[in-house]
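Reading the sequence shown from the start, the letters are residues 1113 to 1296 in the numbering used here. Contents: one structure, followed by commentary.
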Amino acid sequence: MYRPGRIAIAVSGGLVLSVSLIPWFWTATAVGDKVGEHTEYDTANAWQASTWWAIAVGLALVATVAAAARPDRRWVTGSALAATAVALGIVVWQWQGIPGLHDQTSAHGGLGWFAGSPDDPEVGEIVRDNLVRVDIDGLYQDVTWGLYLGVAALAGQCLILAVRTLPSGRPNSTDDAQPHPRTD
1113 MYRPGRIAIA
1123 VSGGLVLSVS
1133 LIPWFWTATA
1143 VGDKVGEHTE
1153 YDTANAWQAS
1163 TWWAIAVGLA
1173 LVATVAAAAR
1183 PDRRWVTGSA
1193 LAATAVALGI
1203 VVWQWQGIPG
1213 LHDQTSAHGG
1223 LGWFAGSPDD
1233 PEVGEIVRDN
1243 LVRVDIDGLY
1253 QDVTWGLYLG
1263 VAALAGQCLI
1273 LAVRTLPSGR
1283 PNSTDDAQPH
1293 PRTD
């Protein structure tokens, strides 16, 4: 039999998984060619953009499975809540740790030309675990709406699990339960 608590936990996990597959980071690059100028866009979801984001989403999904499998055990739900809170913390930590181009140039002494190899990333390419916020003419890179939805989905899962860890006020067994007297 499915209980509302189990369904809510499963839905929150499905939402976390779904949101992890939409763009979390994007780049827009102005390109000039024979046709004229146009803008090329590139996006990366949580799994493509950051190893830490992928670990966080995976941790939240494992927590969902554990909590949905045993929603009647508060210690399992409490552990799932802790794991989801850690996952949320990892996502926010990585998001806040993405440096801006100004931070990179200050740390390395400025910008300059260098000889690159064919394996080097092109301008505007998203490189996993090497995300940089950029906002200059012709190039823009930053997090996008998927990350915000991901944070909201993880926070929602934390809320659902927190509610599930609270005592229900109901007896564990309905066999010995006494009916409540009506007060109206």
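We treat Cβ as the ideally placed atom computed from N, Cα and C, and that holds for glycine.
What three-state label does DSSP hand residue i in the structure shown?
i	result
T1189	helix
T1196	helix
G1170	helix
L1127	helix
T1163	helix
Given a threshold of 16 other Cβ atoms within 10 Å of its Cβ, counted over all protein chains shown, does residue i qualify as buried or as exposed?
i	result
P1135	buried
T1196	buried
W1205	exposed
A1297	As displayed, the chain neither begins before 1113 nor continues past 1296, which places residue 1297 out of reach and without an answer.
L1200	buried
Q1253	buried
Q1269	buried
T1163	exposed
V1147	exposed
S1130	exposed
A1172	buried
Mind checking who residue i pairs with in its DSSP beta bridge?
i	result
L1251	T1141, I1248
D1154	T1139
G1212	R1245
Distance cutoff 8 Å, beta carbons only. Does residue i sit that close to anything in chain B?
i	result
W1164	No chain B appears in the structure shown, which is made up of a single protein chain.
Pairing CB atoms from the region 1264–1280 with CB atoms from the region 1149–1160, are three or more of them under 8 Å? They do not touch, by the three-pair rule.
Touch check for the region 1147–1154 and the region 1175–1184: three-plus C-beta pairs under 8 Å? Between the region 1147–1154 and the region 1175–1184 there are fewer than three C-beta pairs closer than 8 Å, too few to call the two in contact.
So, does the region 1186–1194 touch the region 1247–1254, judging by three or more C-beta pairs under 8 Å? No, because fewer than three Cβ pairs between the region 1186–1194 and the region 1247–1254 fall closer than 8 Å, the two stretches do not touch.
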